[in-house]
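S.K.: To convert, note that position 138 of the sequence shown is 168 in this note's numbering; the numbers rise steadily by one, no gaps.
One structure coming up, written as structure tokens, with questions to follow.
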Amino acid sequence: RIGRKFLYPGIGYGGSCFPKDVKALIKTAEQNGYEMRVLRAVEEVNERQKGVLFDKLQKLLGKELEGKTIAMWGLSFKPETDDMREAPSLILIERLIEAGCCIRVYDPVAMDECRRRMGAAVCYAKDLYDATLDADALLLVTEWKEFRLPSWAVVKKLMRCPLVLDGRNIYDRAEMEEQGFEYHGIGMA
31 RIGRKFLYPG IGYGGSCFPK DVKALIKTAE QNGYEMRVLR AVEEVNERQK
81 GVLFDKLQKL LGKELEGKTI AMWGLSFKPE TDDMREAPSL ILIERLIEAG
131 CCIRVYDPVA MDECRRRMGA AVCYAKDLYD ATLDADALLL VTEWKEFRLP
181 SWAVVKKLMR CPLVLDGRNI YDRAEMEEQG FEYHGIGMA
């Protein structure tokens, strides 16, 4: 699974396999007298990346996020699954709750899993557009196909503030700005 497909900047990896495999390699190496500094660094960077969108949001909207409405597209650790194990969305939701935000989430298949994990801590939208209603910012967390080509005119009309933070770099900055959005991706100035 190592190849160009996985070599893009983003907000970290999750799931049941890769995080467990990295931890197992580190443990096995330690049991055999080796220190796996590179793999430890991978774990540390991955955990930091899961907080990047929150940090960018705080920088853009100010330290005081209490009362802000944040739309979130994508909850699962990758598209085409409802698996939220170690998903970046969990860290993001936790930090947004701590900051006093109202969080409106939408995911094509992980809504039930999110309800099981989060209960009433977040607002569950009926679709991607409903999630953006009165939002001060939109955070793209999982790169589902349905999120690739939304009607940006509708999204802009629904949002309070046309601010998009793209955790997977699936949108083109120039196109987003042309449509009147302030756009921020990952790993770009």
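Note that CB positions come from ideal geometry on N, CA and C, so glycine has one too.
1) Would you check if the distance between the CB atom of serine 46 and the CB atom of aspartate 137 is smaller than 8 Å?
2) Assess contact between the stretch 128-147 and the stretch 51-69, defined as three or more Cβ pairs (one per stretch) separated by less than 8 Å. Is contact present?
3) Apart from the five residues on each side of it in sequence, which residues of its chain come closer than 7 Å, Cβ to Cβ, to glutamate 207?
4) Just to confirm the assignment, what range does the beta strand (DSSP E) spanning alanine 101 have?
5) Please list, in chain order, all residues of the same chain as leucine 91 whose beta carbon is under 7 Å from its beta carbon, the five residues on each side excluded.
6) Going by DSSP, what residue range makes up the alpha helix (DSSP H) through tyrosine 159?
7) Give the single residue among Thr111, Leu193, Ile121, Gly149 whose Cα lies nearest to the Cα of alanine 140.
8) If we count the other Cβ atoms within 10 Å of its Cβ and call it buried at 16 or more, is alanine 183 buried or exposed?
M.R.: According to the structure data:
1) In the sequence shown, the residue the question calls residue 46 occupies position 16. In the sequence shown, the residue the question calls residue 137 occupies position 107. Their beta carbons are not under 8 Å apart, which means serine 46 does not touch aspartate 137 by this criterion.
2) no
3) Along the sequence shown, one-based indexing puts residue 207 at 177. Once the five neighbours on either side are set aside, the close Cβ partners of glutamate 207 are Tyr213.
4) The count along the sequence shown starts at 1 and reaches residue 101 at position 71. Start and end: 99-103.
5) Indexing the sequence shown from 1 puts residue 91 at position 61. Contacts found: Lys98, Asp166, Ala167.
6) Along the sequence shown, read from residue 1 onward, the residue named residue 159 stands at position 129. 158-161 is the span of the alpha helix (DSSP H), which, as asked, contains tyrosine 159.
7) Counting from 1 along the sequence shown, the entry for residue 140 is found at position 110. Of Thr111, Leu193, Ile121, Gly149, the residue nearest in Cα terms is Thr111.
8) Position 153 of the sequence shown, counting from 1, holds the residue named residue 183. Looking at its Cβ environment, which holds fewer than 16 other Cβ atoms inside 10 Å, alanine 183 is exposed.
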